[in-house]
Amino acid sequence: MNALILINKPEGARSTSCVGAARKKLSGLKVGHSGTLASTASGLLVLVTGHATRFSEFIMSLPKVYRVVIQFGVETNTYDYSGEIISEAGYENFDEKKFYDSLFSFAGIRLQTPPAISAIKIEGRAAYQLARAGQDVEMKSRPVFFRNIKVLTPFNPDDGTVELEISCGRGTYIRSLAHDLGGIMNCGAHVKKLERSAVGNFRVEDANDPADELYKITNLSELAKNFTRIKIGARDERSFMNGLSILLSHAESFSRGVTIKNYLCVEGENFLGFGTFAGYDYVKPEVIVPKL
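Now the structure itself:
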């Protein structure tokens, strides 16, 4: 079975345990993930089964939506509630105008420094392993993309929290956003609660509970709707599945969506794939997965 399984991961559970539970329910079928969530976060995991695991990198590149509650006045070493408190400045002097003005500075492409307690690899080892072993970890800044930041619940002077909805690109750490906002406000901050509510067109409301006896399956045609894609007829489908380039002008339809580098999503009646442009008007197959 080549398909997707949407999982609503509960807070406290590890992403790998959700993958393992799905593999067990599916009698050992190959199951992978397309982007993990920290155990302190909840929300949408997109699992891939069978040969659809070859689409993991493409799914990781889809935009994400998060809902986050940020606690101002307290800074932790993990940038979320699970870490050790390293400063407590309080939030009594929180300047709401300065906060709202600062949100505009995050729009678009921005350099972000990931937290040391993260899965980013440094010389082959996860940063969190090095940090928890007492080693000094220097995290390099990298560009991330914020599509939109929306205030869901304004600053609460009773508990020092703000709730945001954030639409962003691949590799963005919401914990780092909270940490950076705390620095701008001169009081420190950390993530109190975090949920991933969407990946591309997929929504957490449509996801399976990990404890469900039977999982609803999401087919590859639903995945295709996320990307800029063409649909091709039977003749071109046979050629493409046999590794031959096809003429772009022969496409039966064209739909706009997310574009991944120079890849184009190609859909036939019996397969979903990605190709690259090969000369004028030709698309060369790179990844092909049957709709089974």
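Using my numbering, you'd call the opening residue of the sequence shown number 4 and step up by one each time.
Note that beta-carbon positions come from the ideal geometry of N, C-alpha and C, so glycine has one too.
Remember, it's a predicted structure, so these values are computed and weren't measured experimentally.
Cβ distance (whole Å) where residue i is taken to contact residue j below 8 Å
i: V320; j: L167; result: This structure leaves residue 320 out entirely; the chain is present only between 4 and 295.
i: F109; j: F149; result: 5 Å
i: E242; j: I249; result: It should be noted that the sequence gives Ser, not Glu, for residue 242. The pair is a contact, with the Cβ atoms about 6 Å apart (cut-off 8 Å).
i: L7; j: V51; result: 6 Å
i: F158; j: F97; result: 6 Å
i: R199; j: Y69; result: 5 Å
i: V292; j: A55; result: 6 Å
i: V71; j: L197; result: 5 Å
i: S252; j: D215; result: The pair is not a contact, with the Cβ atoms about 45 Å apart (cut-off 8 Å).
i: N222; j: K287; result: Not confirmed; about 25 Å, so no contact.
Residue i, DSSP secondary structure in three states
i: A130; result: helix
i: K28; result: helix
i: S252; result: helix
i: R259; result: coil
i: G46; result: strand
i: G278; result: strand
i: S6; result: Reading the sequence as shown, one finds Ala at residue 6 and not Ser. The answer is strand: DSSP assigns A6 an E or B state.
i: F107; result: helix
i: R135; result: helix
i: V286; result: strand
i: G93; result: coil
i: G271; result: coil
i: K101; result: helix
i: T308; result: Nothing about residue 308 can be reported from this structure: the residues present for the chain run from 4 to 295 only.
i: R145; result: strand
i: V298; result: Here the chain covers residues 4 to 295 and nothing more, so residue 298 does not appear.
i: L226; result: helix
i: T19; result: helix
i: G53; result: helix
Where residue i falls, given that 16 or more other Cβ within 10 Å makes a residue buried
i: R178; result: buried
i: I120; result: buried
i: G23; result: exposed
i: S45; result: buried
i: T19; result: exposed
i: Q74; result: buried
i: D104; result: exposed
i: T156; result: exposed
i: E255; result: exposed
i: D161; result: exposed
i: S37; result: buried
Does the region 130 to 146 come close enough to the region 100 to 115 to have 3 or more Cβ pairs within less than 8 Å? yes
Which whole runs of the alpha helix (DSSP H) in the region 57 to 86 are 4 residues long or more, in chain order? 59 to 63
Is there contact between the region 246 to 264 and the region 64 to 83, where contact requires at least three CB pairs shorter than 8 Å? yes
Give the list of continuous alpha helix (DSSP H) stretches no shorter than 4 residues that lie fully inside the region 153 to 213. 177 to 187
Are the region 220 to 234 and the region 75 to 91 in contact at 8 Å, needing three or more beta carbon pairs? no
Is the number of C-beta pairs between the region 208 to 219 and the region 6 to 18 that are closer than 8 Å three or more? yes
If contact is defined by three or more beta carbon pairs under 8 Å, each pair taking one atom from either stretch, is the region 187 to 196 in contact with the region 81 to 101? yes
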